[in-house]
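Before any comments, here is the structure.
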Amino acid sequence: MFEKVVAAPADPILGLTEAFRADARSHKINLGVGIYKDETGATPILHCVKKAEQKLLANEQTKNYLGIEGNLEYGRIVQQLLFGQHASLIASGRAKTAQAPGGTGALRIAAEFVVRNGLANTVWISDPTWANHVSVFQAAGLTVKWYKYYDAASKGLDFAAMQASLADAQAGDLVLLHGCCHNPTGIDPTSEQWRALAKQSAAAGWLPLFDFAYQGFARGIEEDAEGLRIFAECHEELLVASSFSKNFGLYNERVGAFTLVSASKEIADVAFTQVKTVIRANYSNPPSHGAAVVTTIVSDPALYAEWVAEVAAMRVRIREMRELLVAKLAERGVSQDFSFIRGQNGMFSFSGLSKEQVELLKREFAIYIVGSGRISVAGITRANIDPLCDAIAKVL
Ligand code: LMR
């Protein structure tokens, strides 16, 4: 029977990692997947994580199942990071959080929750967006529509076009917004633009869904929640799919969260029973370790301070690589202006390189970047930046 199965195309991001691993060239550089690398090219375990794990090893008493929604203390911590420690919507019980296997798992919960409960059948996503969004939403049965976002000419956000295309979104439609560090462009709305969007959204009655996977990588932990918090002020209902893969470096622990905000605690409590049925039918209940690590760190003032400093160090290193990339490309006399890379946020730079140039970089120089031209700046180091810039200058 299986001979009838047709091969699926390789995943545009993780498929690239597979190809990279199989590449025998020793000078190869992987700037495809969004993972942080330090100056030595390693993806380190944060010091605060190691310390939390030591605490857990000494104190953990059981490997019993978690509840369907996961670690309850973790849920509280997620909400504090999203909405601020003293947010009234937390105190009022309007927010309910389920631990999820990564941000992807949280997105899938969000999608299935709205579809199964007949809340929405259309989701609007930015053009471009993270390659996996379409697959996750379509798998849950949502119809995907695109809103304009990136302006190739100015290499910036085309906010007027974004608002104009979203004017077609109907009341109740799910509208996906990237909380910060837009993936793949690295271009975020300004505070004023967030306010204007939130107003448009509230007036039109969209159901906002925030994908929030890079908190701390643009400006800071609190600062990066600005867009979400502006929306939370203007909306009785919204959804959040958040991830700690990047800001805690806990990629393979798959630690994320799905958060639902309702008009009242009573409505949230009822709606959350349906969230739990989605989870039960998918993976029953979440794995414990990653969430236990996050909970241990955020509940301990010293570990929390260490975490904030470690996130800042990652953010600063990536910013330095952006500066260096712009400077070194200019040194090589490339005619294009790459200074826009400086202003982008987070791990990625939407470089403007064409599919052909991306292909050439892989074939001739063993440099792996995503087909859209997205470069993971978080993978650039002082050791690989010269060969990278030489190669980019050549393909240009
Ligand atoms: C990325 O965009 O590279 C990351 O979010 C990793 C992934 O799962 O694609």
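According to the numbering used here, the sequence shown is numbered sequentially starting from 92. All residues carry an ideal CB built from backbone N, CA and C; glycine is no exception. Being a predicted model, the structure only gives us computed values, none of them experimental.
- Per DSSP, Ile476 is one residue of the alpha helix (DSSP H) stretching across Ile476 to Val486.
- Exposed is the label assigned to Ile136, since fewer than 16 other Cβ atoms lie within 10 Å of its Cβ.
- Remark: C-beta atoms of Val140 and Val346 do not approach each other more closely than 7 Å.
- Take His224, set aside five residues on each side of it, and the residues of its chain with a beta-carbon closer than 6 Å to its own are Ile216, in chain order.
- When rounded, the separation of the alpha-carbon atoms in Ser292 and Gly232 is 23 Å.
- Pairing Ser426 with Pro219 gives a Cβ-Cβ distance that is not under 7 Å.
- Per DSSP, the beta-bridge partners of Asp218 are Lys239.
- Exclusion of Ile466 from the 6 Å shell around the ligand LMR follows from its C-beta lying no nearer than that to any non-hydrogen atom of the ligand.
- Inter-residue distance for Lys154 and Cys271 is about 35 Å (C-alpha atoms, whole angstroms).
- Closest option to Gln448, judged by alpha-carbon separation, among Arg413, Lys485 and Asn436: Lys485.
- Around the beta carbon of Trp398, a 10 Å sphere encloses 16 or more other beta carbons of the protein chains shown; the residue is thus reported as buried.
- DSSP, read as helix, strand or coil, puts Ser282 in helix.
- Thr368 and Trp237 have their C-alpha atoms some 29 Å from each other.
- Secondary structure of Ile120 (DSSP, three-state): strand.
- DSSP places Gln190 in the uninterrupted beta strand (DSSP E) bounded by Ala186 to Ala191.
- Bridge partners of Gly247 according to DSSP: Asp242.
- Annotation: the segment 259 to 319 contains the following complete segments of the alpha helix (DSSP H) (minimum length 4 residues), in chain order: 282 to 295.
- Val346: not part of any beta strand (DSSP E); DSSP gives it neither H nor E.
- Bounds of the beta strand (DSSP E) holding Leu329 are Leu329 to Ser334.
- For the 7 Å CB-CB criterion, Gly277 and Phe431 do not form a contact.
- In its chain, beyond the 5 residues on either side, Ser183, Gly184 and Arg185 have a beta carbon closer than 7 Å to the beta carbon of Lys356.
- Nearest neighbour of Ser256 by Cα position, chosen from Thr131, Leu451, Lys239 and Phe429, turns out to be Lys239.
- About 5 Å separates the beta carbons of Ala348 and Ser333, which is inside the 8 Å limit, making them a contact pair.
- Taking 7 Å as the cut-off, the beta carbon of Gly381 is found closer than this to the beta carbon of Leu341.
- Ile216 has its Cβ no nearer than 6 Å to any heavy atom of the ligand LMR.
- The continuous beta strand (DSSP E) containing Ser467 extends over residues Arg465 to Ser467.
- As the crow flies, the alpha-carbon of Ile168 is around 15 Å from that of Ser179.
- The segment 359 to 374 makes contact with the segment 155 to 163: 3 or more CB pairs, one atom from each, lie closer than 8 Å.
- Here DSSP, grouped into helix, strand and coil, assigns Thr234 to strand.
- The beta carbon of Lys142 lies closer than 7 Å to those of Leu394 in the same chain, with the five residues before and after it left out.
- Within a 10 Å sphere around the beta-carbon of Lys290 sit fewer than 16 other beta-carbons, which makes this residue exposed.
- In terms of Cβ geometry, Val227 and Val214 do not form a close pair [threshold 7 Å].
- The distance from the Cβ of Arg406 to that of Phe308 is about 5 Å, consistent with a contact at the 8 Å cut-off.
- Here the alpha carbon of Glu313 sits roughly 14 Å from the alpha carbon of Ala323.
- Val227 has its Cβ no nearer than 6 Å to any heavy atom of the ligand LMR.
- Here Leu107 is buried, its C-beta having at least 16 other C-beta atoms within 10 Å.
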